[in-house]
Amino acid sequence: MEYDFLTYIKEYHQGKEMAVSSGYLQNKFSISSRTVRKIVNQLRNDGNPICC
96 MEYDFLTYIK EYHQGKEMAV SSGYLQNKFS ISSRTVRKIV NQLRNDGNPI CC
């Protein structure tokens, strides 16, 4: 799941102009807001530059 999430963000949502909301990601991946936060936190801990 994390790999798909990261790949999607890198491909379609780089930069401030292409920001994506948590709600959009919830719908796109059929996950809860808590899961979005957990994935983003894990990806950041792994060294991936993800802004909020």
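With positions in the sequence shown counted from 1, the corresponding number in our numbering is that position plus 95. Don't be surprised by glycine CBs; every beta carbon is placed ideally from N, CA and C. Everything numeric in this text was worked out from a predicted model, so none of it was measured.
TODO: Tell me, to the nearest whole angstrom, how far the beta carbon of M96 is from that of I134; I am working on the premise that it is less than 8 Å.
DONE: 7 Å
TODO: To the nearest angstrom, report how far apart E112 and L138 are at their CA atoms.
DONE: 21 Å
Open item on the list: Our contact map puts S128 next to S117 with C-beta atoms below 8 Å; I'd like the distance itself, whole angstroms only.
Closed with: 6 Å
Open item on the list: Using a 10 Å radius around the Cβ and a threshold of 16 neighbouring Cβ atoms, would you call V131 buried or exposed?
Closed with: buried
Task: Per-residue DSSP class, three states only, for N140 - done: helix
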